[in-house]
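Novice: The letter at position 343 of the sequence shown is residue 343 when you use UniProt numbering, and the numbering goes up by one with no holes.
Have a look at the structure that comes next, please.
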Amino acid sequence: MPKATRKKKEKQADFTKAKLKLGKGKKQVSNATDTSFKARSIALPGQQAISRAILNSDGLGPSEPTTANGLTLEDLFIRFRHPNAGVRRESLGGVKEILSIDVRRDIGKVLRALGGLVSDDDATVRKALIGLLAWYLPQLPVCTLSPHLPLLILQTSSSLSHIFPEIRLDACKLVHLLLTHVPSHVVGNWPGEPSNILEGLRLAVGLGGEKGVNSQIGRLTGGAKLVTLRAMMEFVKKGLGQGEEQSNQEWLEGWVEKKDKGKGVEIKVKNEPTFEDLAQEGWVVGSGWDLQKEMEISWEVGRLTAHGKEDEDGVLSVLSQLYISLHPLLLSTFLENAPTAFSPSSTSSTPSTEDIPLALCTTTASLTELLARAILTRSSTRTSTELKEVRSNISDFLKRMAAWFPFSSNRLKVPTPSGLTAGFELSLVYSNLAVLLAPRPVELIWPKDTRNTKELGWKERVRVIEDTWEEMRRKQNVKGKGKESADEWALEEVASWVVEVLAPKKDILSPQFTPAAYTALLPIVFSLLIQPPSKSIDEEDIPSTVGDAFLSHLLRTSSTSSIRTVGDGFVVSLTEIHEQRHPRYPFYIPFSNAELRGKCQTWFESLPKVLWELSAKDEGATEQILEFLLRLGLRGKEALDDKYSILSADSFASISSKLAPFFHLQHPSKGSIPGPWTKLSDAKVKKLGLDVGRVWIEWDDGRLKDATSKAVRAGEWEDYWLR
Numbered sequence: 001m002p003k004a005t006r007k008k009k010e011k012q013a014d015f016t017k018a019k020l021k022l023g024k025g026k027k028q029v030s031n032a033t034d035t036s037f038k039a040r041s042i043a044l045p046g047q048q049a050i051s052r053a054i055l056n057s058d059g060l061g062p063s064e065p066t067t068a069n070g071l072t073l074e075d076l077f078i079r080f081r082h083p084n085a086g087v088r089r090e091s092l093g094g095v096k097e098i099l100s101i102d103v104r105r106d107i108g109k110v111l112r113a114l115g116g117l118v119s120d121d122d123a124t125v126r127k128a129l130i131g132l133l134a135w136y137l138p139q140l141p142v143c144t145l146s147p148h149l150p151l152l153i154l155q156t157s158s159s160l161s162h163i164f165p166e167i168r169l170d171a172c173k174l175v176h177l178l179l180t181h182v183p184s185h186v187v188g189n190w191p192g193e194p195s196n197i198l199e200g201l202r203l204a205v206g207l208g209g210e211k212g213v214n215s216q217i218g219r220l221t222g223g224a225k226l227v228t229l230r231a232m233m234e235f236v237k238k239g240l241g242q243g244e245e246q247s248n249q250e251w252l253e254g255w256v257e258k259k260d261k262g263k264g265v266e267i268k269v270k271n272e273p274t275f276e277d278l279a280q281e282g283w284v285v286g287s288g289w290d291l292q293k294e295m296e297i298s299w300e301v302g303r304l305t306a307h308g309k310e311d312e313d314g315v316l317s318v319l320s321q322l323y324i325s326l327h328p329l330l331l332s333t334f335l336e337n338a339p340t341a342f343s344p345s346s347t348s349s350t351p352s353t354e355d356i357p358l359a360l361c362t363t364t365a366s367l368t369e370l371l372a373r374a375i376l377t378r379s380s381t382r383t384s385t386e387l388k389e390v391r392s393n394i395s396d397f398l399k400r401m402a403a404w405f406p407f408s409s410n411r412l413k414v415p416t417p418s419g420l421t422a423g424f425e426l427s428l429v430y431s432n433l434a435v436l437l438a439p440r441p442v443e444l445i446w447p448k449d450t451r452n453t454k455e456l457g458w459k460e461r462v463r464v465i466e467d468t469w470e471e472m473r474r475k476q477n478v479k480g481k482g483k484e485s486a487d488e489w490a491l492e493e494v495a496s497w498v499v500e501v502l503a504p505k506k507d508i509l510s511p512q513f514t515p516a517a518y519t520a521l522l523p524i525v526f527s528l529l530i531q532p533p534s535k536s537i538d539e540e541d542i543p544s545t546v547g548d549a550f551l552s553h554l555l556r557t558s559s560t561s562s563i564r565t566v567g568d569g570f571v572v573s574l575t576e577i578h579e580q581r582h583p584r585y586p587f588y589i590p591f592s593n594a595e596l597r598g599k600c601q602t603w604f605e606s607l608p609k610v611l612w613e614l615s616a617k618d619e620g621a622t623e624q625i626l627e628f629l630l631r632l633g634l635r636g637k638e639a640l641d642d643k644y645s646i647l648s649a650d651s652f653a654s655i656s657s658k659l660a661p662f663f664h665l666q667h668p669s670k671g672s673i674p675g676p677w678t679k680l681s682d683a684k685v686k687k688l689g690l691d692v693g694r695v696w697i698e699w700d701d702g703r704l705k706d707a708t709s710k711a712v713r714a715g716e717w718e719d720y721w722l723r
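If you want it as structure tokens, here you go:
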């Protein structure tokens, strides 16, 4: 073969197609990979569950509860690690299906498996998880959940610092859920001890530095801000013990002397108590009966865990630092959303959607008030750089809110879960902040040995109270236009708003004053009443103005209204505070304020009428008034000084005669009519009514005794009355 032809064929060899012959396969290439395999069995993961489901449908399945697809809890827990998000989400539904049959089944395994999904990458899985826990946690008592909660809380705390903001947001939702059902496990000993959950919440809201300088909250949407701030507020509220179980009259703490089953005033242990104090309070345990002899070998029980002055200072410092770090965030969030939320031209959102700007303003203001109350009520005698900064920040927040106070635009008339409108709730927050920044009442300093004397004259009591008022005025009056002057102006604005709220409504279509709103307003009214009266005629006398408006509103209210019941209880407390022999704090209506004293007397003389109109409609309100009359009657007319007391001793006779129809009434035309006392169903209240009748007979002209005798004649209470 010629050389040229051979070279030509070599060049075309790579592109020559081999001809296939019939019956012969394709020739295997030299670099082919062998992919053949041999298997002895074929694995079908779902086959066992399918077989179990078929047996269950025939009634031949195992006793262990399963889903409709035949999956057990262990099968579902394995599927939590499935790479497909849809399978993980459906597995959560299967867990709920099984737990609906037996909710107490494998609690530890369930919570441990669910905790692994807290930081799941898929949003739908996390949403399903929160929904399942919202259903599951209320089904079990806290004591049953307690041993298994630490791991779940640890996984939640870890998710609060996750790199993805969506996971941090859902972790905040889970924290809020856990605070609703198991708050003590989430809060721990905070603020006495640090909390990982709180630090995680601070990271979730974007507070990296101590004072929030590196805040990243601006990158979150309005809804995300709302979720994180609500979780933070719920944590602080539970940590400070201000939940739903909070007493409605906590603001009266320290104003009324407490009695212990008639044994006298409670004895308080001092900061540095004596041995007798410790023994009387039960703090000291010894080995003998004579505690004085056993003093050297006795040991203190309560002091091992008691919170002393140092602990209280530590709590105050923790709360102050928390508020200082949150203040820039709270103020900026409020100012960003306030123009939209409080715009007069804007309308409220539809009921199905939440008004995010308004909710953000309400939440930031409420959180500010919550921390301000916790800090300022603990710092009555302490001053530090932190406290000065806290007061300055609160005053700054208050001034920013003042532009929209009172909050009364149409958009703010939407109801809140507390039963108040959003506008009224914000106005209460503003009022509380103004009251907290005002000078707190100073404890009265009595002359030496006055508590051991038989009687203290009204002049001495008034002199001590006026000296304390002067000290409060010195703290309040400052020269120039500083923050204190602005705070005093805010207090006058609050007083004007309270008077406006309690004034008669000219428009009959205006919203009614609800009992919830009235109850929430009472602490503000009390704080304004205990302010020092003005010394100048040109200045507005806040206690007199507010007291007159309050009593006028109360006397206009129907006796059967729940508002009247709450208001009567409030006036009863005020009267008992005013009439104390040695009050702790200054509260006194000057003798020169004849108008306000006259309205107090009018209220006192209206009590028999209220008892008549209440009848058996509200026995709790009846019991409240009867207890007050019994305590007052046992003290007698001699306990009321004409120059000091707001109640007149001369009215005892008229009130005694007015009480007669409560038991029995002799009508000119209808004849003998049983009084409301005979219609009472509670034996305790009926017995209380007879006790009142027996005590007030002392000032009776005969009508009360005759009416009571007719009411109990030939009845089960006749023997008790005759005794």
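Think of the CB as a built atom: it goes at the ideal place given N, C-alpha and C, for glycine as much as any other residue.
Quick caveat, the model's predicted, so the values are computed rather than measured.
1. Residue range of the beta strand (DSSP E) that GLN666 falls in?
2. Quick check on CYS143: buried or exposed, where buried means 16 or more other Cβ atoms within 10 Å of its Cβ?
3. Residues in its own chain within less than 7 angstroms of GLU613 by CB, not counting five upstream and five downstream?
4. Name the residue from ALA113, ARG473 and TYR585 whose alpha carbon lies nearest to the alpha carbon of LYS535.
5. Could you tell me if GLY675 is buried or exposed, where buried requires 16 or more neighbouring beta carbons within 10 angstroms of its beta carbon?
6. Nearest CA to the CA of GLU623: which residue from GLU488, PHE37, LYS686 and ILE78?
7. Measure from the alpha carbon of THR363 to the alpha carbon of each residue in GLU471, TRP255 and MET232, then state which is nearest.
8. Would you tell me roughly how many angstroms separate the C-alpha atoms of GLU579 and ARG463, rounded to the nearest one?
9. Excluding five sequence neighbours on each side, which residues of the same chain lie with their C-beta closer than 6 angstroms to the C-beta of PRO515?
10. Where does GLY93 sit, in a helix, a strand or coil, going by DSSP?
11. Examine the Cβ distances between the segment 399-415 and the segment 439-447 and report whether three or more of them are shorter than 8 angstroms.
12. Quick check: the Cα distance between LEU412 and ALA503, rounded to an integer number of angstroms?
13. Would you say LEU117 and ARG88 are within 8 angstroms of each other, going by their C-beta atoms?
14. For SER215, is the classification buried or exposed, using 16 other Cβ atoms within 10 angstroms of its Cβ as the cut-off for buried?
15. Is DSSP giving SER544 helix, strand or coil here?
16. Report all residues from its chain with a CB closer than 6 angstroms to the CB of ILE646; omit the five preceding and five following residues, and keep chain order.
17. Helix, strand or coil for ARG421 per DSSP?
18. Determine the contact status of SER158 and SER195, defining contact as a CB-CB distance below 8 angstroms.
19. What residue from ARG400, LEU437 and ALA422 has the CA that sits closest to ALA374's CA?
20. Tell me whether SER657 sits in a helix, a strand or coil according to DSSP, three-state version.
21. Give me the Cα-Cα distance between LEU358 and SER366, rounded to the nearest whole angstrom.
22. Return yes when the Cβ of LEU152 is within less than 8 angstroms of the Cβ of VAL103, no when it is not.
23. How big is the Cα-Cα spacing for ALA68 and ASP682?
24. Grab the span of the alpha helix (DSSP H) containing GLY671 for me, first residue to last.
25. For VAL566 versus TYR518, is the C-beta distance shorter than 8 angstroms?
26. Would you list the residues sitting across from PRO415 in a DSSP beta bridge?
27. Starting from the C-beta of ILE465, find all residues in its chain whose C-beta is less than 6 angstroms away, skip the five residues before and the five after it, and write them out in chain order.
28. Work out the CA separation of LYS684 and residue 730 for me, nearest whole Å.
29. What does the alpha-carbon distance come out to for the pair GLY86 and GLU166?
30. From LEU198 to VAL236, what distance separates their C-alpha atoms?
31. Just to confirm the assignment, what range does the alpha helix (DSSP H) spanning ASP568 have?
32. Would you tell me roughly how many angstroms separate the C-alpha atoms of PRO147 and GLU64, rounded to the nearest one?
33. Cutting at 8 angstroms between CB atoms, please list the residues of its own chain near LEU688, excluding the five before and the five after it.
34. According to DSSP, simplified to helix, strand and coil, what is residue 728?
35. For the alpha helix (DSSP H) that contains THR368, what are its first and last residues?
36. At which residues does the alpha helix (DSSP H) containing SER709 begin and terminate?
Specialist: Let me lay it out:
1. 664-667
2. With fewer than 16 Cβ atoms within 10 Å of its Cβ, CYS143 is classed as exposed.
3. SER559 and THR560
4. ARG473
5. buried
6. Looking at the Cα atoms, LYS686 is the closest of the given residues.
7. MET232
8. CA-to-CA, the gap between GLU579 and ARG463 works out to about 15 angstroms.
9. Cβ neighbours of PRO515 beyond the five flanking positions: SER562 and ILE563.
10. helix
11. no
12. 21 angstroms
13. yes
14. Because SER215 carries a pLDDT of 45, less than 50, the predicted location of this residue cannot be relied on, and the following value inherits that uncertainty. Buried, by the Cβ-count rule.
15. helix
16. HIS578, ILE589, ARG597 and CYS600
17. Just to set this straight, residue 421 is Thr in the shown sequence, not Arg. Three-state DSSP puts THR421 in a strand.
18. no
19. LEU437
20. helix
21. 12 angstroms
22. The Cβ atoms of VAL103 and LEU152 do not sit closer than 8 angstroms to each other.
23. 55 angstroms
24. Looking at the DSSP string, GLY671 is not in any alpha helix (DSSP H); the run it does join, the beta strand (DSSP E), is 671-674.
25. It is a contact, given that the beta carbons lie within the stated cut-off.
26. THR421
27. Excluding the 5 residues flanking it on each side, ILE465 has same chain C-beta neighbours closer than 6 angstroms at PRO586 and TYR588, in chain order.
28. Past the edges of the chain, shown from 1 to 723, lies residue 730, and the structure says nothing about it.
29. If I take the Cα positions, the gap works out to 18 angstroms.
30. 9 angstroms
31. 562-578
32. When the Cα atoms are used, PRO147 and GLU64 turn out to be separated by approximately 24 angstroms.
33. GLU623, LEU626, GLU627 and LEU630
34. Any question about residue 728 goes unanswered here, given that the chain covers just 1 to 723.
35. 356-376
36. 703-712
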